[in-house]
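Each remark here refers to the structure printed beneath this line.
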Amino acid sequence: MERTLIIVKPDGVQRQLIGPIFTRLEQRGLKVVAMKMLQVSQDMAREHYAIHRGKPFFDPLIEYITSAPVVAMIMEGPNAIEAARATMGATNPVNASPGTIRADYAMEVGRNLVHSSDGPETAAAEIALWFDAREIIDYGRDVDNWILER
Ligand code: DAT
Ligand code: MG
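For the sequence shown, the tail end lands on 151 under the working numbering, and the numbers increase by one without skipping.
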C-alpha cells in the first residue's frame, strides 16, 4: 500500500487547524501510520526542500517552515500520494479548487498550511528523512472492509 508524508506547517499549527486539516485526509479513508509534533531544524528544512535551493523563495520558505512547530504524519492507502495532493489543492491557494484544504483555509503561496509528497521517490525520501522505521506502525483497521474494494 502506498505511503505519503503529510506536514501541517507552522501556520496550520498556529491557526489551530491541525484538526480540520487532518480530518479531511483521515475521513477520506487514508490511514495514519505515524505522527508527531516537532520543531524543524535549519538542516532538516534545507534537506527537505533541497530541490528548491537557489530559487527566490528558498530562504523565506526555510524561515517559514522553521518558524514554529509542525505536525508530521505518514498516511497510507491506495494512491495515497495522489489522493493527499488532491485533497490539499494547488501550491498557490489562489489557484486551488474550492473544497481543498488550501482553497478553504489559505490565501498565499508562502502560507499554504500543508505539505504532501509529490511522487513515490520523494515520498520514500521524505518518510526516511522525517521518521525512524520504528515510529511507523503497521496495523489493520476493521473499517477498511468498507473503505477499500479488495
Ligand atoms: P507543493 O508544496 O505544492 O508541493 P512545491 O514543492 O513546488 O509545492 O513548493 C514547496 C513550497 O515552496 C510550497 O508549498 C510553497 C513554496 N513555493 C513554491 N513555489 C513558490 C513560489 N513561486 N513563490 C513562493 N513560494 C513558493
Ligand atoms: Mg512539493
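Yeah, the Cβ is synthetic: ideal placement off N, Cα and C, and Gly gets one too.
Original post:
So which of 73, 71 and 44 has the shortest CA-CA distance to residue 60?
Top reply: 44
**OP:** Put residue 26 into one of helix, strand or coil per three-state DSSP.
**Re:** helix
Original post:
Short check: CB of residue 7 to CB of residue 117, under 9 Å?
Top reply: yes
**OP:** In the DSSP assignment, find the unbroken beta strand (DSSP E) run with residue 5 in it and report its ends.
**Re:** For residue 5, the uninterrupted beta strand (DSSP E) run begins and ends at 3-9, by DSSP.
**OP:** Collect the residues with a C-beta less than 7 Å away from any heavy atom of ligand 2 and give them in sequence order along the chain.
**Re:** 116 and 119
Original post:
Are residue 35 and residue 73 closer than 9 Å when you measure CB to CB?
Top reply: yes
Original post:
Does DSSP put residue 13 in a helix, in a strand, or in coil?
Top reply: helix
Original post:
If you scan the region 61-90 from start to end, which runs of the alpha helix (DSSP H) of 4 or more residues do you find wholly inside it?
Top reply: 81-89
Original post:
What's the gap between the Cα of residue 112 and the Cα of residue 12?
Top reply: 7 Å
Subject >> C-beta contact flag for residue 2 and residue 81 at 9 Å >> reply: yes
Subject >> Euclidean distance between Cα positions of residue 20 and residue 49 >> reply: Cα to Cα, the separation comes out at about 24 Å.
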